[in-house]
Amino acid sequence: MLNNSEPHFMSRRKFCKKLLAAGVGLCVLPLFTGCTALQGKRFASAFSDNQGQHFVAWFDESGNILGQVRIADRAHDLCHVAHSNTLLAFSRRPGRAMYVIDMQSSEIQSTVESAANQHFFGHGALSNDGQWLYTTENYFDDDYKAHEGLIVVRNTHNFAVESQLPSGGIGPHQLASLMHEDTLVVANGGIHTHPASPRTKLNLDSMQPNLSYIDIASGKILEQVQPTDHLLSTRHLCLASDDTVYVGCQYQGPKHLAKPLIFSHQRGEQLSSLQANDKQWMAFQQYTASLAINETGTTLAVTSPRGGVISYWNLKSGKLSSIETQNDCAGIAPLGDEFIASTGRGDLVSHKSHIEHLLHWDNHMIKL
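The sequence shown maps to residues -13 to 354 in the working numbering.
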């Protein structure tokens, strides 16, 4: 990440030259590195290979793959259950499988299916004590009727369903547990879809995206906020240490319009757009994917695979700090004061290293 005072664009070639000038080697490695040590910081992400097979892998901060497990279908996001050292991989919408992966043995421990007439939205979140799992899910019927989304609560010992809560809107996507209260925050994208035609958006004229806060014990919707433009689909989010929510949107309107896509929110207030000009917003091509905050809490990073850019935001000022060109960027996670990012072309890129694997990383990455 670059810490210049003025926002600017940087090409991947120039970015890599800076890494080389700093003494960081650029290399192309095969999928298996032979590295088995589990020292230092580790990360995980789903990927697909060139033969269309799907996997979950974990790797170190230099991009060396430490372990991987093949799964039956494409996963989207992951959770790490620390007390059992397992990874949970959630099927991409409209998949119905969640894979419980034992990292010690590099095997699938179990496969959990959603209820009949429900599917995952590719995301889940753990309670602060790691004892409960919350997943965003969709209930669908044969009549294509739009139903309010669900938050399904499971324990993390055998993953039995304990309860189901309303998400507060249609098309819930990413969610998180607030750090300082027993509350979930969920980005309801507002878009009605059906697994019979999963990429068809059925309600763009009437969609009502929102950010909802849900009391875990009662299921009560405590607070909701909506973007001023109903075509801004609230999709992904992350939390700062003070429970400020940062949410990334995907705009469903005319492609020539420049719209703010990244917002902050604190309880009791309205959504507040982060600050960039129209030219800079247009670089995202109306699409954001993964959000992450560095470990010092000073910078937010957001990927835009469609725009081929990673943006960095000063959290004190709320202003754009810099934009880096990174074709087909995907997941991003904190690495000290900086970040590590992946691409759909197999790259794992940080300020320390750049490794190219012969695979296709999915849109999310987690720090273990």
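From the three backbone atoms N, C-alpha and C, an ideal C-beta is built for every residue, glycine too.
With fewer than 16 other CB atoms across the displayed protein chains lying within 10 angstroms of its CB, Gly38 is exposed. A distance below 9 Å separates the beta carbons of Leu112 and Ser163. One alpha carbon belongs to Met89, the other to Pro181, and they sit about 31 Å apart. Residue environment for Tyr232: buried (at least 16 other C-beta atoms within 10 angstroms of its C-beta). For secondary structure counted as the beta strand (DSSP E) over 3 or more consecutive residues, the region 190 to 247 holds these complete runs in sequence order: 196 to 201, 207 to 211, 218 to 225, 231 to 237.
At a Cβ-Cβ threshold of 9 Å, Glu99 and Ile326 do not count as neighbours. No Cβ-Cβ contact shorter than 9 Å links Ala61 with Gly116. By the Cβ test, the region 292 to 302 is in contact with the region 261 to 274, since at least three Cβ pairs between them sit closer than 8 Å. Taken through DSSP and simplified to helix, strand or coil, Met89 comes out as coil.
For Met165, there is no enclosing beta strand (DSSP E), as DSSP marks it with neither H nor E. Within a 10 Å sphere around the beta-carbon of Asp333 sit 16 or more other beta-carbons, which makes this residue buried. Asp128 carries a coil assignment under DSSP once its states are collapsed to helix, strand and coil. With 16 or more neighbouring CB atoms inside 10 Å of its own CB, Lys245 falls in the buried class. Residue pairing by DSSP places Thr97 opposite Tyr85 in a beta bridge. The Cβ neighbour count for Pro213, taken over all protein chains shown within 10 Å, is at least 16; the residue is labelled buried. The beta carbon of Glu281 lies closer than 6 Å to those of Pro320, Gly322 in the same chain, with the five residues before and after it left out. Three or more pairs of CB atoms, one per stretch, sit closer than 8 Å, so the region 149 to 169 contacts the region 120 to 138.
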